[in-house]
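Enquirer: The numbers in the numbering used here rise by one with no breaks, and the one at position 22 of the sequence shown is 22.
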Amino acid sequence: MATRLLLGDVTAGDRLPDLGHDVTATTVVLGALASRDWRPMHHDRDFAVHRNGTPDIFLNTPNQAAWFERYVTDWTGPTGRLGRMTFRMNTPVFPGDRMAFSATVTGTAVDDAGCGWVDLDVPSAGR
Numbered sequence: 001m002a003t004r005l006l007l008g009d010v011t012a013g014d015r016l017p018d019l020g021h022d023v024t025a026t027t028v029v030l031g032a033l034a035s036r037d038w039r040p041m042h043h044d045r046d047f048a049v050h051r052n053g054t055p056d057i058f059l060n061t062p063n064q065a066a067w068f069e070r071y072v073t074d075w076t077g078p079t080g081r082l083g084r085m086t087f088r089m090n091t092p093v094f095p096g097d098r099m100a101f102s103a104t105v106t107g108t109a110v111d112d113a114g115c116g117w118v119d120l121d122v123p124s125a126g127r
């Protein structure tokens with residue numbers, strides 16, 4: 001984790017350190033609770049399996065977004081923050097899966113206000 005990452009320290013092609021996390025039922029349920037997502041497919045295995053047709057409960061969208069955010073801000077350190085993020089959930093993430101994060105810097109820029117920006121490519125982190 002960076003303690004003080006400055007824009008001048010970053011160039012296109014740089015790779016961020018990898019981050020892995022083994023997903024448990026607790027990961028799924030606590031993420032759903034933290035985002036006030038009471039839908040049963042995120043905490044009730046029987047509902048997820050029999051009503052949704054999925055193998056188990058699965059991470060909700062805000063939980064997955066939070067993991068991406070954590071990955072990026074662990075790298076930037078305390079002075080960095082996310083300005084914009086887009087992602088697509090192609091496959092559900094279930095308990096027993098391992099999320100594996102990696103990223104590459106694709107560009108840097110300074111806006112008219114003098115704020116530095118870094119563009120990243122973060123491939124799918126799911127199973």
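All residues carry an ideal CB built from backbone N, CA and C; glycine is no exception.
Just tell me which of V122, V110, R4 and Q64 has its CA closest to the CA of F94.
Expert: Considering only alpha carbons, the answer is Q64.
Enquirer: Between the Cα of V28 and the Cα atoms of I57, L5 and D119, which residue gives the shortest distance?
Expert: Comparing Cα-Cα distances from V28 to each of I57, L5 and D119, the minimum goes to I57.
Enquirer: From this set, G8, G53, L5 and R81, which residue's C-alpha is nearest A66's C-alpha?
Expert: Measuring from the Cα of A66, the nearest candidate turns out to be R81.
Enquirer: Should L16 and A100 be called a contact, given that it needs their Cβ atoms to be closer than 9 angstroms?
Expert: Result no, Cβ atoms of L16 and A100 do not sit closer than 9 angstroms.
Enquirer: Take F87 and list the residues in its own chain whose beta-carbon comes closer than 8 angstroms to its own, dropping the five residues that flank it on each side.
Expert: Contacts found: Q64, A65, F68 and V122.
Enquirer: Can you tell me where the alpha helix (DSSP H) holding P25 begins and where it ends?
Expert: A small correction: the amino acid at residue 25 is Ala; Pro does not occupy that position in the sequence shown. Start and end: A25 to A34.
Enquirer: Under a three-way DSSP split, which group does W38 fall into?
Expert: Coil, per DSSP.
Enquirer: In three-state terms, what does DSSP make of R88?
Expert: DSSP places R88 in coil when its eight states are reduced to three.
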